[in-house]
Amino acid sequence: MPWSTSQLAELAGTTIKAVRHYHEIGLLDEPERKTNGYKQYQVAHFLRLLQITRLSALGVPLAQITSLGHADTDPDEAIRVLDTELDVTVTRLQRIRGELALILRHRAPPEMPPGFSEVAGGLSEAARSMVMIYSRVLDESTMDDLRKMIIHEPLSDADKAFQALAPDVDRGSRRRLGELLAPEIRRQLEQYPSLRRPGSQLSRGTSSAESAVQAAIRELYNPAQLEVVYRAHLISTGAIDDLDALETALDSLEAESAD
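Mapping of the sequence shown onto full-length UniProt numbering: position 57 corresponds to residue 57, and the numbering continues sequentially without gaps.
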């Protein structure tokens, strides 16, 4: 007894829409029609549809099912390929579960890159944002050094003062904070040399990556913080001439403001 499309779909545990789609992509042969135009599906169609639904349930892509042909075709190679793909998927999902467990344990922002969940809580919003950006432009070894530095370098009083620094803080405070941060920066750069010139560790296009980092720093930190970091960098690297030039430039700006 031949079946209609709805009857065949019901028998195979699928939908009329799915059956029609299989016809459209060549997975399921079109049956003969009655004189009134209704399709007449036979046992061969039913078996083929059962094969399609079973392979699809196993995760075989429809394109690969097409290549298998009909029920008498040996599907071993496609199954082996699928098994390999599933093994990769399972490994990826297990890694994701591990990362989710760390996120929940440390109540960390889920957007932080892998390996930073346990330290995210001690970072300012700006620092977390920079870590996210660095993860897209720095190579893996440099990111690992950055993670180690954050883990092994608890926030100092100077770091906390820097995070809370107001944009209109006086010049003397900016100078003192830069002097306090300089020894910390010098020690960190000595311990983690890859962080000295992060531009040389870029994993992506140099110009676009550098511009992304620079733009983020300018937007995430206020002018006083940027000055303090620059001061600390000049002091830590012994760039006294550049430090004098900074003081001269600030003298000029203050003189102009006074006028």
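Backbone N, C-alpha and C define an ideal beta-carbon position, used for all residues, glycine too.
- Boundaries of the alpha helix (DSSP H) around Val-131: 125-137.
- Counting along the chain, Val-43 sits inside the alpha helix (DSSP H) bounded by residues 43-57.
- Under the three-state reduction of DSSP, Glu-32 is assigned to strand.
- Only residues of its own chain outside the window of five on either side were considered, and among them Ile-16, Val-19, Arg-20, Lys-39 and Tyr-41 have a CB closer than 8 Å to the CB of Thr-5, listed in chain order.
- The straight-line gap separating the alpha-carbon atoms of Ala-12 and Asn-36 is approximately 24 Å.
- Counting C-beta atoms within 10 angstroms of its own C-beta, Gln-191 has fewer than 16 neighbours from the protein chains shown and is therefore classed as exposed.
- Contact between the stretch 221-233 and the stretch 175-189 is present: three or more C-beta pairs spanning the two stretches fall below 8 Å.
- Of the candidates Ala-212, Phe-162 and Asp-145, the residue whose Cα lies closest to the Cα of Arg-196 is Asp-145.
- Under the 10 Å beta carbon count, Gly-115 is surrounded by 16 or more other beta carbons and is classified as buried.
- Excluding the 5 residues flanking it on each side, Asp-244 has no same chain C-beta neighbour closer than 7 Å.
- The beta carbons of Met-132 and Ala-120 sit no closer together than 8 Å.
- The beta-carbon separation of Phe-162 and Leu-181, rounded to 7 Å, stays under the 8 Å limit for a contact.
- Between the C-alpha atoms of Leu-234 and Leu-220 there is a straight-line separation of about 21 Å.
- A direct Cα-to-Cα measurement between Ser-252 and Ala-216 gives close to 28 Å.
- Nearest to Arg-171 by alpha-carbon distance, out of Asp-139, Glu-254, Thr-142 and Asp-241, is Glu-254.
- A Cβ-Cβ contact shorter than 8 Å links Ile-65 with Ile-52.
- As computed with DSSP, Lys-160 is found in no beta bridge at all.
- For Leu-165, no alpha helix (DSSP H) segment is defined, and its DSSP state is neither H nor E.
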